[in-house]
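The structure under discussion appears below in the form of structure tokens.
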Ligand code: GLU
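In the UniProt record's numbering, the protein residues as written are 1 to 289.
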């Protein structure tokens, strides 16, 4: 049996906080306990928000925690062609269409719809109305050639019917206690964005491609991504990718009960370190031995 493969996949758009320390240490510990491998992946497809200094800080914070990762580190921004090819494959199968509306236009369309309340995805964002799916190929070509900005969306109706029923094996727990064999509900996300004109990929697409290419067998991450796994299962099925085991862990909360964010200075690992907190203290704070 090949060893299990775990990964920690932060986005370099802010300083890591206690919640990241928990996720990274948990992955690292699980890899060590199982004789497995631990990989680090930098999810930097969002060029506007990713900064080299945050990437450097990730290495510094993780090394300080005593975490050791395999080299080289995979950086998503270096593999855009791969993601572009995957979108092209899905497009060839009639599963993708360009949509030209701005966010403001989508909000206006939803406001004008007689359907109330308008359905929302598991993250609480309104579903895309699906209007661009019905544009003729000719109308699409004209708008693309005119240089209009667009996003490429997955046609979830066709995609879900082609993929059929999907499940995943959950070793952690979902927001409502879901565990074991969980039924994926990708339709709940509507026609998700797979790529943008300026960025040929999206979180959902690059995460499933990279987990497959890196041979990740166990995806251990925060519960806030639990239902995103539905979209990941759908894309794995459409692209013929292997399916890892998932373990979603509870999120650490601040004193105000809200989930920690990169902008909360008080729990940033750098600030804690400068205050004299030790890596062992961090383990105690996040409840790891
Ligand atoms: N890059 C994502 C984040 O920083 C995590 C992706 C994942 O673990 O699947 O929230």
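Built from N, CA and C at the ideal position, the CB exists for glycine as well.
I believe residue i touches residue j by the beta-carbon criterion, under 8 Å. Please report the beta-carbon distance rounded to the nearest angstrom.
i	j	result
residue 131	residue 185	With 8 Å as the limit, residue 131 and residue 185 do not qualify as a contact, their Cβ atoms being about 23 Å apart.
residue 90	residue 153	So it is not a contact: roughly 11 Å between Cβ atoms.
residue 58	residue 10	6 Å
residue 127	residue 238	Between residue 238 and residue 127 the Cβ distance is about 20 Å, and since that is not below 8 Å, they are no contact.
residue 40	residue 15	Not confirmed; about 16 Å, so no contact.
residue 223	residue 248	5 Å
residue 17	residue 260	5 Å
residue 23	residue 221	6 Å
residue 37	residue 12	No, residue 37 and residue 12 are not in contact; Cβ-Cβ is about 22 Å, not under 8 Å.
Which partner residues does residue i have in the DSSP bridge list?
i	result
residue 208	None; residue 208 has no bridge partner.
residue 6	38, 218
residue 126	120
residue 163	Beta-bridge pairing links residue 163 to no other residue.
residue 240	Its beta-bridge partners do not exist; DSSP assigns none.
residue 289	Per DSSP, none; premise fails for residue 289.
residue 259	253
residue 181	169
Along the beta strand (DSSP E) that carries residue i, what are the first and last residues, could you check?
i	result
residue 246	245-249
residue 218	218-222
residue 99	96-99
According to DSSP, simplified to helix, strand and coil, what is residue i?
i	result
residue 111	helix
residue 66	coil
residue 42	strand
residue 194	strand
residue 168	strand
residue 51	coil
residue 151	strand
residue 187	helix
residue 202	coil
residue 176	coil
residue 133	helix
residue 231	helix
residue 74	strand
residue 146	coil
residue 102	coil
residue 15	coil
Identify the continuous alpha helix (DSSP H) that holds residue i and give its terminal residues.
i	result
residue 88	80-92
residue 31	18-33
residue 279	279-286
residue 271	269-274
Between residue i and chain D, is there a C-beta pair that is closer than 8 Å?
i	result
residue 187	Structure shown: chain D not included; a single protein chain is present.
Three or more beta-carbon pairs under 8 Å between the segment 102-120 and the segment 64-80, yes or no?
-> no
Using 8 Å as the Cβ pair cut-off and three pairs as the minimum, do the segment 229-244 and the segment 208-218 touch?
-> yes
Check whether the segment 156-172 touches the segment 193-200, taking contact to mean three or more Cβ pairs, one atom from each stretch, closer than 8 Å.
-> At 8 Å Cβ cutoff, the stretches do not touch.
State whether the segment 92-101 contacts the segment 134-144, with contact taken as three or more CB pairs (one from each stretch) at a distance under 8 Å.
-> yes
Three CB pairs or more closer than 8 Å across the segment 27-43 and the segment 256-275 = no
Are the segment 39-53 and the segment 245-256 touching by the rule of at least three beta carbon pairs closer than 8 Å?
-> no
Determine contact between the segment 115-123 and the segment 71-84, defined as no fewer than three beta-carbon pairs at a distance below 8 Å.
-> no
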